[in-house]
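2 protein chains.
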Amino acid sequence: MKFLEERIKADGRVYPGSILKVDSFLNHQIDVGLMDQIGETFYQKYKDRGITRVMTIEASGIAIACAAARFFGVPMVFAKKTKSLNLGPDLYESTVHSYTKKTDYQVTISKKYLTSEDHILIVDDFLATGCALEGLLDLCHQAGATVEGIGICIEKVFQGGGKMLREKGYSVTSLAMIESMSDDGDIVFQEGEN
Amino acid sequence: MKFLEERIKADGRVYPGSILKVDSFLNHQIDVGLMDQIGETFYQKYKDRGITRVMTIEASGIAIACAAARFFGVPMVFAKKTKSLNLGPDLYESTVHSYTKKTDYQVTISKKYLTSEDHILIVDDFLATGCALEGLLDLCHQAGATVEGIGICIEKVFQGGGKMLREKGYSVTSLAMIESMSDDGDIVFQEGEN
Chain X
13 MKFLEERIKA DGRVYPGSIL KVDSFLNHQI DVGLMDQIGE TFYQKYKDRG
63 ITRVMTIEAS GIAIACAAAR FFGVPMVFAK KTKSLNLGPD LYESTVHSYT
113 KKTDYQVTIS KKYLTSEDHI LIVDDFLATG CALEGLLDLC HQAGATVEGI
163 GICIEKVFQG GGKMLREKGY SVTSLAMIES MSDDGDIVFQ EGEN
Chain Z
13 MKFLEERIKA DGRVYPGSIL KVDSFLNHQI DVGLMDQIGE TFYQKYKDRG
63 ITRVMTIEAS GIAIACAAAR FFGVPMVFAK KTKSLNLGPD LYESTVHSYT
113 KKTDYQVTIS KKYLTSEDHI LIVDDFLATG CALEGLLDLC HQAGATVEGI
163 GICIEKVFQG GGKMLREKGY SVTSLAMIES MSDDGDIVFQ EGEN
């Protein structure tokens, strides 16, 4: 799964404060061939888990989730971000705290597209503190759906979200695991099993 | 191009106020096989136009734009919605008025991913009044990019945006053109060339 590390080394840019910009291929402009590679990698990892839906959160998870869902031959569904509370009886909703924006927002999903029959693969572009993923996991819990795995493109290991989720027992597959970044642009990737 | 009309007849739901819900296959849960059909249809229509990028706006355009970009073999790029003004010199920005939400918002795109060399295919899920598309067209105009075509899944003909854009000389391809909707759920599609 080194292909994403290689791409980050070639085209990612590091800014002070451990900010990694990958907007040339992952979350603003999108390399659709890379999406296919990512989608197939998640498929190879979770193809025996009876996945019924691939789930993500808008906006930058959508391209990744679509690519994965094509390999699984299942629908994808994306949770929506909103600032409204009490959106109605047809939705599951959960509150997410954004550390970067210092604000709370709601994530919602229609009860029609997440059910107790579902075996879910959750995917997203980044895993840092894990707050957004906890919101998605809460939606799955409310629905009684089974979370079979979590597929992440870039995990910022030093922000602890991946460790927290693995300790809770989730199968987290991260294609690039960043151990540290320096302000002068060096990125250290974590070796070993991911 | 009747496949999307058929799908709307089968799975779309009409609510009072000419609201069409297609969230089971197009903009909440997404049928990725349908995305491929849509992407290929836009490709067949615009494959001779030297498309260099497929452009859309977050969030529900992303799945469609990715599917189209795969056929063209080019990157896709999505404009971001924000409420901030004066976002910096690296971005093009334009103001869009939302009729449904009665508010203005900014759409932005990095100057790196939209240039005067570009031949752009814009795609989106809905075309109603055309306000969001006018924002995207303004971004292209600022960049000096050439807009080769606009690919739309569902055009609400009675809201006038498609007519306005065609009168300005744009090539608009809509896969399903809705002439009218009644509160009891009947949808009348426009016949003829789209």
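Taken in order, these protein sequences are the chains called X and Z.
Counting in the working numbering, the final residue of the first sequence is number 206, and the numbers go up one at a time with none missing.
Counting in the working numbering, the final residue of the second sequence is number 206, and the numbers go up one at a time with none missing.
Glycine is no exception: its CB is placed at the ideal position from the N, C-alpha and C atoms.
Keep in mind it's a predicted model, so treat the numbers as computed, not measured.
Residue 27(X) is outside the set of residues whose beta carbon lies under 7 Å from a beta carbon in chain Z. Within 9 Å of the CB of residue 70(Z), the CB atoms of chain X belong to 70, 71, 72 and 74, in sequence order along the chain. What residue 122(Z) touches in chain X, judged by beta-carbon distance under 9 Å, is 35, 36, 40 and 41, going in chain order. Sequence-ordered contacts of the stretch 150-162 of chain Z with chain X are nonexistent [C-beta pairs closer than 7 Å].
A check of alpha carbon separations from residue 155(X) across 17(X), 81(X), 176(X) and 106(X) identifies 106(X) as the nearest.
With its beta carbon at least 7 Å from every one in chain Z, residue 144(X) lies outside the interface. Cβ contact annotation for residue 132(X) (same chain, cutoff 8 Å, sequence separation greater than five): 63, 64, 65, 66, 67, 126, 152, 157, 158, 159 and 160, in chain order.
Contact with chain X is found for residue 81(Z), since one of that chain's Cβ atoms lies less than 7 Å from the residue's Cβ. At a cut-off of 7 Å between beta-carbon atoms, residue 165(Z) makes no contact with chain X. Think of a sphere of 8 Å around the beta carbon of residue 47(X): the chain Z residues whose beta carbon falls inside it are 78, in chain order. In the structure shown, the three-state DSSP call for residue 76(Z) is helix.
Partner residues in the beta bridge of residue 138(X), as assigned by DSSP, are 166(X).
With respect to residue 120(Z), residue 103(Z) sits close: the two C-beta atoms are nearer than 7 Å.
Exclusion of the five residues before and after residue 142(X) leaves 173, 176 and 177 as the residues of its chain whose Cβ lies within less than 6 Å of its Cβ.
If you draw a straight line from the Cα of residue 202(X) to the Cα of residue 203(Z), it comes to about 58 Å. Shown here, residue 198(X) sits in coil according to DSSP, grouped into three states, outside any helix or strand. Under the criterion of beta carbons closer than 8 Å, residue 93(X) and residue 129(X) do not qualify as touching, at roughly 26 Å. Pairing residue 200(X) with residue 192(X) gives a Cβ-Cβ distance under 7 Å. Sequence-distant partners of residue 54(Z) (beyond 5 residues in either direction) whose C-beta falls short of 6 Å from its own C-beta, in its chain, are 80 and 163.
Listed along chain X are 40, 42 and 71, each with a C-beta nearer than 8 Å to that of residue 90(Z). Buried is the label assigned to residue 58(X), since at least 16 other Cβ atoms lie within 10 Å of its Cβ.
For residue 118(Z), the beta-bridge partners assigned by DSSP are 94(Z) and 107(Z).
Straight across, the Cα-Cα distance linking residue 144(X) with residue 108(X) is about 6 Å.
Within 10 angstroms of the beta-carbon of residue 91(X) lie 16 or more other beta-carbons, which makes it buried.
Distance between residue 38(X) and residue 149(Z), taken at the CA atoms: about 23 Å. At a cut-off of 7 Å between C-beta atoms, residue 101(X) does not count as an interface residue with respect to chain Z. Against chain Z, the beta carbon of residue 125(X) has neighbours under 9 Å at 35, 36, 40 and 41, listed in chain order.
DSSP places residue 191(X) in the uninterrupted beta strand (DSSP E) bounded by 184-193. Shown here for residue 23(Z): same chain residues with a beta carbon closer than 8 Å to its own, the five before and five after excluded, namely 34, 36 and 37 in chain order.
Using a Cβ distance threshold of 7 Å, residue 75(X) and residue 78(Z) count as a contacting pair. According to the DSSP assignment, residue 69(Z) belongs to the beta strand (DSSP E) that extends over 65-69. With a 10 Å radius around the Cβ and a threshold of 16 neighbouring Cβ atoms, residue 28(X) comes out exposed. Residue burial is scored here from C-beta neighbours: residue 195(X) has fewer than 16 other C-beta atoms within 10 angstroms and is therefore classed as exposed. Of the candidates 42(X), 82(X) and 83(X), 42(X) places its Cα closest to the Cα of residue 73(Z). As the crow flies, the alpha-carbon of residue 85(X) is around 13 Å from that of residue 48(X).
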